[in-house]
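Report on the following structure.
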Amino acid sequence: MEAQKQFRKRNAILNYLQATNEHPSAEMVYMGLKESCPDLSLATVYRNIALFRNQGLIQCVGTVKGIERFDGNTAPHVHFICNECGSVLDLPEIEAPAQLSEAVESGTGGKVNMYSLSFAGICKNCIKKEN
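The sequence shown begins at 5 in my numbering and counts up by one.
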């Protein structure tokens, strides 16, 4: 029975990460699931995020304002990170250049399994607030 509970929590965490475009932190995942999984602990969220990263099911977008953020979409794609509000946006209209990983492989003699391309700046909502 306990293992079934663990898988229920694990599946809820993975589903949350894969269903959102928010690029949440572990704390955001915890808060988002707390109501539907009242017995969920923040330690369980962190443990499962580490497991999912090791399994290649999620990726780290980076540290935004000192907090690690995650993405359930592991396909190569481009991100924009706002330095003001900390939002992380997917940019599906900008294609991640395949030749970039080819150049890295050529330059290192290694094999690229995954990569992430991110830009940082100020999002349009924060620019509007400044004006």
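Quick reminder that beta carbons are idealized off the backbone N, C-alpha and C, glycines included.
Computed from a predicted model, the values in this text were never measured in an experiment.
By the neighbour-count definition (other C-beta atoms within 10 Å, threshold 16), Tyr-119 is an exposed residue. Taken in chain order, the unbroken stretches of beta strand (DSSP E) that lie wholly in the stretch 47–78 and span 3 residues or more are 63–68 and 71–75. Here Gln-103 is exposed, its C-beta having fewer than 16 other C-beta atoms within 10 Å. With 16 or more other CB atoms across the displayed protein chains lying within 10 angstroms of its CB, Pro-28 is buried.
Distances from the alpha-carbon of Lys-13 to those of His-81, Asn-117, Cys-41 and Asn-87 put Cys-41 closest. Of the residues Ile-17, Asn-58 and Gly-60, the one whose Cα lies closest to the Cα of Leu-46 is Ile-17. With respect to Val-92, Val-49 sits apart: the two C-beta atoms are not nearer than 8 Å.
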